[in-house]
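Right, one structure below, let's go through it.
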Amino acid sequence: MRSARMLSSGLRAFNSALPRTVLSQPKSRHFSQLLSQTPQPSPTPSSRLLRTRFPQLTVRNNSSSSSSPPNLTDQTSNAAQDAANEEQNRLRREQEPAYQITFTCKPCGHRSSHRMSKHGYHRGTILIRCPSCLNRHVIADHLNIFMDKKSTLEDILQREGKRLTRGYVDGDMEFWEDGTVKKREEADDGSQAK
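Numbering-wise (full-length UniProt numbering), the sequence shown opens with residue 1 and increments by one.
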């Protein structure tokens, strides 16, 4: 509250220092032009406050001869480097913990399997696109992008009155809507036959 009063009194002092002719001119001007045309009053405590509170901004122009590397978007595409990066990303994805989900798309009825990282499922947002109808399905949303609260597939289905049963097969966690647990080979054979 005190700083607002000091600022208000400083602005009043500054306003009274300007001649009426400058303030009443109909043509608009930059503030710096107004300052250069007015006589400079003797420094008062309020004008010193204005100078210390609002320092004059300086413009800094960068030269084009800098030795900084170009932006990433300015680099040209290199097929060999792109292939090496793709291989590095593929190896990293193979080593990180992941879930595999097999689900049936409700709009089109297509059944498909997808791989998602554990980190994304428990900490990020996961969308899966149906390969048949290209609809996107929210599997997890911890970043509150699509939903108002952090949710996983279990939470989403629970709100709809449905549930998933969690099971572990050979150390891997599996969810089955009907509560049955099958070996992975049997589950893969069944999904490929459809």
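For every residue, glycine included, the Cβ atom is placed at its ideal position computed from N, Cα and C.
query: If distances are taken between C-alpha atoms only, which option among Thr76, Ser132, Leu153 and Pro131 comes closest to Val138?; result: Leu153
query: Which class does Thr104 belong to by DSSP, given the choice of helix, strand or coil?; result: strand
query: Under the rule that 16 or more other beta-carbon atoms within 10 Å means buried, what is Ile126, buried or exposed?; result: buried
query: Nearest-angstrom Cα distance between Ala80 and Glu96?; result: 25 Å
query: Look at the alpha carbon of Gly161 and the alpha carbon of Ala98, and state the distance between them as a whole number of angstroms.; result: 27 Å
query: Let's see if you can read the secondary structure: which residues bound the beta strand (DSSP E) around Arg93?; result: From DSSP, Arg93 is part of no beta strand (DSSP E) but of the alpha helix (DSSP H) over Ala79 to Gln95.
query: Just list the residues that DSSP pairs Ser132 with in beta bridges.; result: The partner list for Ser132 (beta bridge, DSSP) is empty, contrary to what the question assumes.
query: Using C-beta distances below 7 Å, list every residue in its chain close to Arg123, excluding the 5 sequence neighbours before and after it, in chain order.; result: His142
query: Taking only three categories from DSSP, how would you classify Gln192?; result: For Gln192, the predicted structure reports a pLDDT of 39, less than 50, and the residue's modelled location is therefore unreliable. The matter cannot be settled from this model.
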